[in-house]
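Trainee:
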Amino acid sequence: MSDNNNPYSGFGGQMTGHAHMGDTPPRSHVGDTTTAGFAKDVLEESRRQPVLVDFWAPWCGPCRQLAPVIEKVVGEANGRVKLVKLNIDDHPAIPGQLGIQSIPAVVAFVNGQPVDGFMGAVPESQIRQFIDKLAGPASDTGEAELTAALDEADGLVTAGNFEGAAQLFGAVMQADPENVRAIAGIAECMLGTGQHERASQLVSNLPEPLAKAPELQAVAKKLEQFNEARKLGDPQALEHELALDPDNHEARMKLAKILNVQGRREEAAEHLLLIMRQDRAFDDDGARRQLLQFFDVWGPKDPVTAMARRKLSSILFS
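Position 114 of the sequence shown, counting from 1, maps to 114 under the UniProt record's numbering, and the rest follow consecutively.
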């Protein structure tokens, strides 16, 4: 994905890195070999992890079908196996010694010895089963690492360290480009640094299944609140109106919406709670409905949500 088409690229100058989290090019586990290099690239290497040798030739149509599939599966195996490709036209000695008579042929080596193999352009599922049989099923270590990185990034967002959070979210997306938490986190970082247009572009360009995820729906609601708030006028002018007339609930409601998008959540909540204490009928109980919308975006774990919810309960049930 080029930067021109990548809405995540260039955030704060730090959107790549953390290569240990996800070296995206699977080619790091794929290589070519020769007759002279076979002993080192295959026999020696297979003492560290299983090595698949793909015997192929440029004129072989099924070889061209197999190549992208096996490279993809090996890349996703994240080092459990290595793939080494040998062009039999250029290097016929090794396949001759092994009795390779039809291609594509894949032979697995472990501890310097051929142990298993298959022939033909087999489907992706069969290649996965072959690798699992050879190297054992994939563990969930990578998933745990991604989750830990996302948790750390969320903590940095809460602390206001959007640059550090963006680096971690970007690293997760290198390993898992459609990770919903990471995409939403990048959008949060954009919002936190005032890049509302970029956040809007990011959310609007997502495919529908991703855009419907709760984390991204929350970001979309934040953007709606921001777009509404910037049409409501000058907060200082609204504060002046309230100084002259504290019962101007319309001005107070507008000010609450503006304070919310400025990150001043507690003040925004207090303004809405004050309207509720004074006039539940205003705007058909609009202050309560607006506060509930804030809760949806802030999330149940936000301390201001907890504080305001307690105060709301005391108003409703006292």
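Every residue, glycine too, gets a C-beta built ideally from N, C-alpha and C.
Tell me whether Val84 sits in a helix, a strand or coil according to DSSP, three-state version.
Mentor: strand
Trainee: DSSP on Ala153, reduced to helix/strand/coil?
Mentor: helix
Trainee: Within 10 Å of its beta-carbon, does Thr33 have 16 or more other beta-carbons around it, so buried, or fewer, so exposed?
Mentor: buried
Trainee: Report the option in Arg230, Leu150 and Asp116 whose CA atom is closest to the CA atom of Ala135.
Mentor: Asp116
Trainee: By Cβ distance below 8 angstroms, which residues in the same chain neighbour Ala77 in space, the five residues on each side in sequence not counted?
Mentor: Close CB contacts of Ala77 within its chain, under the 8 angstroms cut and outside five residues either way in sequence, are with His29, Ile131, Ala135 and Ala138 (chain order).
Trainee: Looking at the unbroken beta strand (DSSP E) that takes in Leu232, where does it start and where does it end?
Mentor: Here Leu232 belongs to no beta strand (DSSP E), and DSSP marks it neither H nor E.
Trainee: Going by alpha carbons, who is nearest to Val81 out of His271, Ile70 and Asp234?
Mentor: Ile70
Trainee: Considering only DSSP beta bridges, list what Leu238 is partnered with.
Mentor: Paired residue(s): none; Leu238 is not in a bridge.
Trainee: Is Met276 closer than 7 angstroms to Arg265 when the C-beta atoms are compared?
Mentor: no
Trainee: Going by the CB atoms, is the gap between Ile103 and Phe55 shorter than 7 angstroms?
Mentor: Contact: yes.
Trainee: Could you compute how far the alpha carbon of Gln262 sits from the alpha carbon of Val84?
Mentor: 55 angstroms
Trainee: Anyone know if the C-beta pair for Ala251 and Glu241 falls short of 7 angstroms?
Mentor: yes
Trainee: For the alpha helix (DSSP H) that contains Ala165, what are its first and last residues?
Mentor: Phe162 to Ala175
Trainee: Quick one: what does DSSP say Pro303 is sitting in, helix, strand or coil?
Mentor: helix
Trainee: Between which two residues does the alpha helix (DSSP H) carrying Asp296 extend?
Mentor: Gly286 to Trp298
Trainee: Go ahead and label Ala159 buried or exposed: buried means 16 or more other beta carbons lie within 10 angstroms of its beta carbon, across all protein chains shown.
Mentor: exposed
Trainee: Measure the C-alpha to C-alpha separation of Val51 and Lys212 and round it to an integer number of angstroms.
Mentor: 41 angstroms
Trainee: Going straight from the alpha carbon of Leu216 to that of Val180, what length do you get?
Mentor: 7 angstroms
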